[in-house]
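*Asks:* Supplied in structure tokens, the structure appears directly below.
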Amino acid sequence: MKQQHFLVAFFLVLLSFLLFVNLSEGRPGVAEEYWKNVMKNEPLPEPIKDVLNNPFRTGNERFAKNFNTKSIVIIYHNPNV
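When we follow this note's numbering, the leftmost residue of the sequence shown carries the number 1, and every step to the right adds one.
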């Protein structure tokens, strides 16, 4: 009997997870079409075009190689202390 409750609970959790994943998809459609609708037919800037996913790129080409590796530390001082 406990095994049956475990299986039911497992499938409910699995189903809930799958429904959550299905609902968390990104915006459907092509980014350029969205840009043209919002920005009144202005062309998409080249830097943004470079960032967008191109399905014809290989895995190595999708990786950004020119990012800054310097760590940034921000210290907030409390003026009331």
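Beta carbons are placed, not taken as given, at the ideal position from N, Cα and C, and that holds for glycine.
For Lys70, which three-state DSSP category applies?
*Replies:* coil
*Asks:* Is DSSP giving Lys2 helix, strand or coil here?
*Replies:* helix
*Asks:* What distance in whole Å lies between the Cβ atoms of Glu32 and Leu14, which are believed to be in contact at a cut-off of 8 Å?
*Replies:* That pair is no contact at about 37 Å.
*Asks:* Quick one: what does DSSP say Pro45 is sitting in, helix, strand or coil?
*Replies:* coil
*Asks:* Looking only at its chain, what residues have a beta carbon closer than 6 Å to the beta carbon of Ile74, apart from the 5 residues adjacent to it on each side?
*Replies:* none
*Asks:* Which of helix, strand or coil does DSSP assign to Lys40?
*Replies:* coil
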